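Chemist: This structure is in structure tokens; I'll ask about it shortly.
Number of protein chains: 2
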Amino acid sequence: MELGRNTKQKQLILEVIKKEKNHPTISDLYEEVLKIDPSIGQATVYRNVNKLLDEGKIKRIITDSGIRYDCDCNNHYHLECSKCGRIMDIYDDKYMKLTRRMEEEYSVKIDDCTVLFKGICDKCLKYEK
Amino acid sequence: MELGRNTKQKQLILEVIKKEKNHPTISDLYEEVLKIDPSIGQATVYRNVNKLLDEGKIKRIITDSGIRYDCDCNNHYHLECSKCGRIMDIYDDKYMKLTRRMEEEYSVKIDDCTVLFKGICDKCLKYEK
DNA sequence: GTTATAATGATAATAGTTATCAATAAGAAT
DNA sequence: ATTCTTATTGATAACTATTATCATTATAAC
Numbered sequence: 000m001e002l003g004r005n006t007k008q009k010q011l012i013l014e015v016i017k018k019e020k021n022h023p024t025i026s027d028l029y030e031e032v033l034k035i036d037p038s039i040g041q042a043t044v045y046r047n048v049n050k051l052l053d054e055g056k057i058k059r060i061i062t063d064s065g066i067r068y069d070c071d072c073n074n075h076y077h078l079e080c081s082k083c084g085r086i087m088d089i090y091d092d093k094y095m096k097l098t099r100r101m102e103e104e105y106s107v108k109i110d111d112c113t114v115l116f117k118g119i120c121d122k123c124l125k126y127e128k
Numbered sequence: 000m001e002l003g004r005n006t007k008q009k010q011l012i013l014e015v016i017k018k019e020k021n022h023p024t025i026s027d028l029y030e031e032v033l034k035i036d037p038s039i040g041q042a043t044v045y046r047n048v049n050k051l052l053d054e055g056k057i058k059r060i061i062t063d064s065g066i067r068y069d070c071d072c073n074n075h076y077h078l079e080c081s082k083c084g085r086i087m088d089i090y091d092d093k094y095m096k097l098t099r100r101m102e103e104e105y106s107v108k109i110d111d112c113t114v115l116f117k118g119i120c121d122k123c124l125k126y127e128k
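Quick mapping for you: the protein sequence lines, in order, are chains G and C.
Here the first sequence is numbered in numbering that gives the first Met the number 0, starting from 0 and rising by one per residue.
Here the second sequence is numbered in numbering that gives the first Met the number 0, starting from 0 and rising by one per residue.
Pasting the structure below:
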């Protein structure tokens, strides 16, 4: 269900999020969008990011380095590297098992599961040795 | 290692956090602390909460309902109930297995793991039926 | 092409947190 | 116990991130 009008600004913002592979912040997005359409307003970026979140097309990631956005809505975790700052995607084939196990143990219903690891990414770990 | 001076304000704030069982926000804390010492300033609460975080005596929890603090620093997850808003503690005896498995699969080093579930808590689930 | 109104860009307003600074008080030295 | 040093405090200003306002523009239905 696509609510609202399909403006060229909204299209552009979604395009840019999909191109950005490294979990951009709002200002990353704004910067990138400005390069293509210099007349776009900051508020428009905020508004459309919120719409895309509501529509379930993107996800919010909260890290130590601030709020970031992810266009990959498949279930996965993140690792924030304390050396280089990058946010790695971590896929776990036992993702569903974790929530199901907790649902049973605690008699709760789980709709969403957010996992953020902090540590050292594979690349930085290699250089350390 | 206890750096800095042990002021009565700092002692009071830590006491209040430990008494508050339900993951208080900063304003919850400020409100509660004011009842005991009405002369305390808001900045002092912010400052001391940050110090306690640095010292590893409390943890920050980021939820949809804002930033909350937890005096239980043992490894555990949280569930935010979308009905009543409460933050449940979820303990998992396989906590360490999750991080170890991911460390091996991705060749990374994990120092910290934050898990937030969203769903319906046990109490709200009972009422729903 | 008209028309209704959702969305935009610019900017003001708000919320949450940190920085500033003179006054105070903790804790060491005497 | 008194003095001294300086970290901490309370009050408030400043700052940052985000949302609200509003006249104007542009989408999409007619």
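C-beta atoms are modelled at their ideal positions from N, C-alpha and C, and glycine is treated no differently.
Since we're looking at a predicted model, the values are computed, not measured.
Distance check for GLU54(C) and MET0(C), CA to CA, integer angstroms please.
Modeler: Low local confidence applies: a pLDDT of 44 at MET0(C) is under 50, so the model's placement there is unreliable, with the coordinate-based value given in what follows. In a straight line, the C-alpha of MET0(C) is about 8 Å away from that of GLU54(C).
Chemist: The segment 85-110 of chain G: which residues have C-beta closer than 9 Å to a C-beta of chain C, in chain order?
Modeler: Going along the segment 85-110 of chain G in chain order, one finds MET87, ILE89, TYR90, ASP91, LYS93, LEU97, THR98, ARG100, MET101, GLU102, GLU104, TYR105, SER106, VAL107, LYS108, ILE109 and ASP110 with a Cβ nearer than 9 Å to chain C.
Chemist: Can you check whether the CB of CYS70(G) is closer than 8 Å to the CB of ILE25(G)?
Modeler: No.
Chemist: Buried or exposed, going by whether 16 or more other CB atoms sit within 10 Å of the CB of LEU52(G)?
Modeler: LEU52(G) should be labelled exposed.
Chemist: Roughly how far, in whole angstroms, is the beta-carbon of HIS22(G) from the beta-carbon of ILE89(G), given that I think they are within contact range, below 8 Å?
Modeler: Incorrect: roughly 12 Å between the Cβ atoms, too far for contact.
Chemist: How about the segment 102-118 of chain C and the segment 111-121 of chain G: do they share at least three Cβ pairs that are nearer than 8 Å?
Modeler: The segment 102-118 of chain C vs the segment 111-121 of chain G: in contact.
Chemist: Can the beta-carbon of VAL44(G) be found closer than 8 Å to that of ILE66(G)?
Modeler: Against a cut-off of 8 Å, the Cβ pair of ILE66(G) and VAL44(G) comes out as no contact.
Chemist: Can you name the start and end residues of the beta strand (DSSP E) that ASP121(C) belongs to?
Modeler: Unbroken run through ASP121(C) is the alpha helix (DSSP H), 121-127; no beta strand (DSSP E).
Chemist: Return the residues of the segment 109-124 of chain C that lie within a Cβ-Cβ distance of less than 8 Å from chain G, sorted by chain order.
Modeler: The residues in question are ILE109, ASP110, ASP111, CYS112, THR113, VAL114, LEU115, PHE116, LYS117, GLY118, ILE119, CYS120, ASP121 and LEU124.
Chemist: If contact means a Cβ-Cβ distance below 8 Å, which residues of the segment 36-66 of chain C contact chain G?
Modeler: So the list reads ILE61, given in the order they occur along the chain.
Chemist: Can you tell me which of the three DSSP states ASP71(G) falls into?
Modeler: ASP71(G) falls in the coil class under three-state DSSP.
Chemist: Can the beta-carbon of ILE119(G) be found less than 8 Å from the beta-carbon of CYS80(G)?
Modeler: Cβ atoms of ILE119(G) and CYS80(G): closer than 8 Å.
Chemist: Nearest to GLN10(C) by alpha carbon, out of ILE35(C), GLU103(C) and ASP110(C)?
Modeler: Of the listed residues, the one whose Cα sits closest to GLN10(C) is ILE35(C).
Chemist: Straight-line CA distance for SER106(C) to CYS83(G)?
Modeler: One C-alpha to the other measures close to 16 Å.
Chemist: With DSSP as the reference, identify every bridge partner of CYS112(C), one or two as the case may be.
Modeler: In the DSSP output, where bridge partners are listed per residue, CYS112(C) has PHE116(G).
Chemist: Taking the continuous alpha helix (DSSP H) assigned at THR98(G), which residues delimit it?
Modeler: Unbroken alpha helix (DSSP H) run through THR98(G): 94-105.
Chemist: Quick one: list the residues of chain G neighbouring LEU28(C), beta-carbon separation under 9 Å, in chain order.
Modeler: Result: empty, since nearest Cβ-Cβ is about 21 Å, beyond 9 Å.
Chemist: Taking MET78(C) as the query, report the chain G residues whose CB atoms sit under 8 Å from its CB, ordered along the chain.
Modeler: The question names Met, yet the displayed sequence has Leu at residue 78(C). Result: MET101, TYR105, VAL107 and ILE109.
Chemist: Using DSSP bridges, identify the partner residues of ASP53(C).
Modeler: For ASP53(C), which the question treats as bridged, DSSP gives no partner whatsoever.
Chemist: Are any of the Cβ atoms in chain C nearer than 8 Å to that of GLU14(G)?
Modeler: Chain C contact via Cβ: absent.
Chemist: Using beta-carbon positions only, say whether ILE61(C) and TYR68(C) come within less than 8 Å of one another.
Modeler: Cβ atoms of ILE61(C) and TYR68(C): not closer than 8 Å.
Chemist: Beta-carbon within less than 6 Å of ASN47(G)'s beta-carbon, same chain only, minus the 5 sequence neighbours each way: which residues are those?
Modeler: Contacts found: LYS9 and ILE12.
Chemist: So, ASP92(G) versus TYR76(G), is the Cβ gap smaller than 8 Å?
Modeler: No, Cβ-Cβ distance for ASP92(G) and TYR76(G) is not below 8 Å.
Chemist: Is it buried or exposed, THR6(G), if we count other Cβ atoms within 10 angstroms and call 16 or more buried?
Modeler: When all chains shown are included, THR6(G) counts as exposed.
Chemist: Where does MET101(G) land, buried or exposed, given buried means 16+ other C-beta within 10 angstroms?
Modeler: Flag for MET101(G) reads buried.
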